[in-house]
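Comments concern the structure below.
Okay, structure coming up:
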């Protein structure tokens, strides 16, 4: 069974059809790329998958479960986590607390237990600290755990966002332009991290990216969107060799 | 007949709310901020009218013009000193600043004019209208308020549709960044908005204190808040909306006082605000705004 | 630019410093009272000081931690004051011991306020920013108006209420008027003492710190910092907003109970929106989000004007207003901030240059 199966997904904004009958199938453990020129509807597609927008038509199946039309919170609990194109961290919280927020739904104790410092508070907080530090270590952020998230350099902020998304224990991770604004060195490092996450967390990853060098190296399969429509999809090497794709990117 | 009388009183009070609400709605539409101090500008305007007409004996029209000038200067100054530096700050910070300005105006008036309320002498010199053999009496203050507010709404709508500055206002309220790119001077437009809103506040102050002749440093606070309710009711950012909202709130308040409870009239007006925001937060003539992800 | 950002200090350390300051201040005050070193006027301020501090800490949870502006604090206080006082008046004979009755009154006042807070919060918390502020203000005024118009009496047949007049209640001749419209409540036992008020404040501060530094507090602050990201990691926005709003209302209600038991009579007019704004002033001047700051600001800003009543008197509120505006201009204005940093580094540069000069 596919991890993600999208069938003829569409959304209209007024008269504009931002995503038009797009279908896609991602197998478990795949590293999948979503590419296309600016305004092709990639981020809108992510927003549909994560429940920010409700689709006009079409279905979204996650690991065999229909999640079409559910809200963001339920979709996250069903197993999709994401990062954002313009980084959205909890900027006044510490790096550690950003990740602990991600652990929120898995380590539970009540507000009263927290306010009155009952034993479960200490037990769960300790477990959360341990788990969060493990995650931070993966992204080489453990030394910055006590810094406010806004105090991190740009590249590390992107990594922290991935760490926070992973903390929610997702089945599918959506990365929206993870390499945006990074220098080649940082991008290379990020590629390593993404591969590491896929291998060590047993993760399925779908990413939007403009950096073709990154996409061509790490993505096994690609889907290309153009004007909200599916241009083509398949193995990375095949897609990149497709003349239609080249035209869409470089123009006639 | 009693009902008709109350209705007319309500429309007249509502017309004053409408004039105040215009100030709220324009500033909210263009600067995207709630100018909490707007009600207190009314109070300052009323004091200026009092000083110039009652104390100095100037003719009422001249007194109101002087008050308009004074309030315009005040409004522009407030915007420049307190709000402009915060244009990129959070709405929380801006609102707290506006509350600070409101407090400042109330207390500076307290220091200057003292805590004792002043008996305001009406500046309206219009004869009483009697209908149905004197069964319905419309005071000069009431008829003036209605006529003045209608004239203002029409003039303002024409100003926004027909003049360059008015169109610039519309552009800034739609999209500040795009307006700037198109060569609109955003700072000047926002200043102009505050200037117009404050000048209207002066007129509202004169009308309000002529109809309800007690003036103290907190005179503007409650009418200010109610006018905000009116602006929201009509749809924030909409000029005809402010007029409709104002009149509805005025009528609700007066009828509430007459037929339900004097004590609870304010509670009823605030209840309206809550109901509107719960069920139609965009008001009668407003439009929806979405957040971008 | 160097990338040395201050680390976030652990809350445990912060909170224990605050507890220490509070206990020290309490001990000093007790000694001063016992030795008769402070005036009667100051002594009468001790309970209100604690009340304002509780109100400020509680409002800070909504303004600083949740990041939403509520102007309804006086309304919750009013509900706490009315229900708590009513309970005490009714139970004066059944529970003569104030050491038992008063804590119960505190709890009842707090719970009633919290229930109102949550009931109001359900429709209101969908709104954001300016609208939320105005709606909470509206609710506060509605509560004040209704309490001010309320008549409640009790006779052998039970309770009678009216929103019109005392005679409208149809009370039997043996009946007793409990709430007398605009005149409010009369005959509340004066159970509030400085010690009880302080204990309530101390517990409030502990609750506030523990709340912020818990799973719930973290969720609330995440929502404050970025609502969309908070939703994307599965945080239930409405739930956490309601919890915070309810807690704020609960604590404000408790403060209201203490307030009402400090005077024999109680009128609803006291709880107008000026009271809410005054509390907001404390929160802002103490530092939005700083619990210790809220306590200190509430105490200092209540004390100074009282001590200087002769000299500053009517300038007090003017002074608050100016500080409020100045605070916001200094803290929220990015341009000013960067100018200040630039100026500071320039200043440092000058100092370094001078030192170099000295070496030469």
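Chains as they are written, first to last, in my numbering: chain A, 1 to 252; chain B, 1001 to 1293; chain C, 2001 to 2360. Note that beta-carbon positions come from the ideal geometry of N, C-alpha and C, so glycine has one too.
query: How big is the Cα-Cα spacing for residue 194 of chain A and residue 212 of chain A?
result: 15 Å
Backbone CA spacing between residue 1334 of chain B and residue 1218 of chain B [nearest angstrom]: Here chain B has residues from 1001 to 1293 only, and residue 1334 of chain B is not among them.
- prompt: Which same chain residues, not among the five before or five after residue 2249 of chain C, have their C-beta less than 7 Å away from its C-beta?
  reply: 2076, 2113, 2114, 2116, 2117
field: Cα-Cα separation between residue 2289 of chain C and residue 1181 of chain B, rounded to whole angstroms
entry: 38 Å
task: Give the straight-line distance between the Cα atoms of residue 2236 of chain C and residue 73 of chain A, rounded to the nearest whole angstrom.
output: 7 Å
- request: Pair every Cβ in the region 1220-1239 of chain B with every Cβ in the region 1151-1166 of chain B, then say whether three or more of these pairs are closer than 8 Å.
  value: yes
- request: With 8 Å as the threshold, decide whether the Cβ of residue 1261 of chain B is near any Cβ in chain C.
  value: yes
query: Between residue 1086 of chain B and chain C, is there a C-beta pair that is closer than 8 Å?
result: yes
task: Give me whichever residues DSSP pairs with residue 2161 of chain C in a beta bridge.
output: C/2152
message: Beta carbons nearer than 7 Å to chain A: which residues of the region 2209-2226 of chain C have them?
response: 2210, 2211, 2214, 2215, 2216, 2218, 2219, 2221, 2222, 2225, 2226
- request: Look at the alpha carbon of residue 1024 of chain B and the alpha carbon of residue 42 of chain A, and state the distance between them as a whole number of angstroms.
  value: 40 Å
message: So with CB distances below 7 Å, who are the chain A contacts of residue 2207 of chain C?
response: 115
C-alpha gap between residue 2180 of chain C and residue 2081 of chain C, whole angstroms: 15 Å
- request: Can you pull the chain C residues whose beta carbon is under 8 Å from the beta carbon of residue 1228 of chain B, in chain order?
  value: 2134
message: Considering Cα atoms alone, identify which of C/2153, C/2139, C/2033 is closest to residue 2074 of chain C.
response: C/2139
field: Beta-carbon separation (whole angstroms), residue 1016 of chain B vs residue 1211 of chain B, contact threshold 8 Å
entry: 7 Å
- prompt: Counting only beta-carbon atoms, is residue 180 of chain A nearer than 8 Å to chain C?
  reply: no
- request: Return helix, strand or coil for residue 1067 of chain B, following the three-state DSSP convention.
  value: helix
message: Strictly under 8 Å for the Cβ-Cβ distance: is residue 2235 of chain C near chain A by that measure?
response: yes
query: What residues from chain A crowd round residue 2228 of chain C, counting only those whose CB sits closer than 7 Å?
result: 88
field: Segments of 4+ residues assigned as alpha helix (DSSP H) that fall wholly inside the region 1172-1228 of chain B
entry: 1176-1181, 1186-1211
- prompt: Using the C-alpha atoms, what's the distance from residue 158 of chain A back to residue 82 of chain A?
  reply: 12 Å
- prompt: Any idea what DSSP makes of residue 17 of chain A, helix, strand or coil?
  reply: strand
- prompt: Any heavy atom of the ligand GDP within a distance shorter than 7 Å of the CB on residue 141 of chain A?
  reply: With respect to the ligand GDP, the structure shown offers nothing to examine, as it has no ligands at all.
query: Is the CB-CB distance between residue 2243 of chain C and residue 2216 of chain C below 8 Å?
result: yes
query: Residues of chain C with a CB under 7 Å from the CB of residue 1091 of chain B: which are they?
result: 2129, 2130
query: Does DSSP put residue 9 of chain A in a helix, a strand or coil?
result: strand
- prompt: By Cβ distance, which residues of its chain are closer than 7 Å to residue 2296 of chain C, with the 5 residues on each side in sequence left out?
  reply: 2286
message: With a threshold of 7 Å on Cβ separation, who are the neighbours of residue 264 of chain A within its own chain once the five nearest residues in sequence on each side are excluded?
response: Outside the displayed range of chain A (1 to 252) lies residue 264 of chain A, so it cannot be described from this structure.
query: residue 143 of chain A to residue 133 of chain A, Cα distance in whole Å?
result: 9 Å
message: Taking the alpha helix (DSSP H) that residue 136 of chain A belongs to, which residues open and close that run?
response: 119-138
- request: Please go through the same chain and pick out, in chain order, the residues whose beta-carbon is closer than 7 Å to the beta-carbon of residue 1255 of chain B, but skip the five residues on each side of it.
  value: 1006, 1010
message: Please list, in chain order, the chain C residues whose beta carbon lies closer than 8 Å to that of residue 168 of chain A.
response: 2233, 2234
message: Could you check whether the Cβ of residue 156 of chain A sits closer than 8 Å to any Cβ belonging to chain C?
response: no
- request: Give a yes or no on whether the minimum CB-CB distance between residue 2146 of chain C and chain A is below 8 Å.
  value: no
message: Quick check on the DSSP output: the beta strand (DSSP E) that includes residue 172 of chain A runs from which residue to which?
response: 172-176
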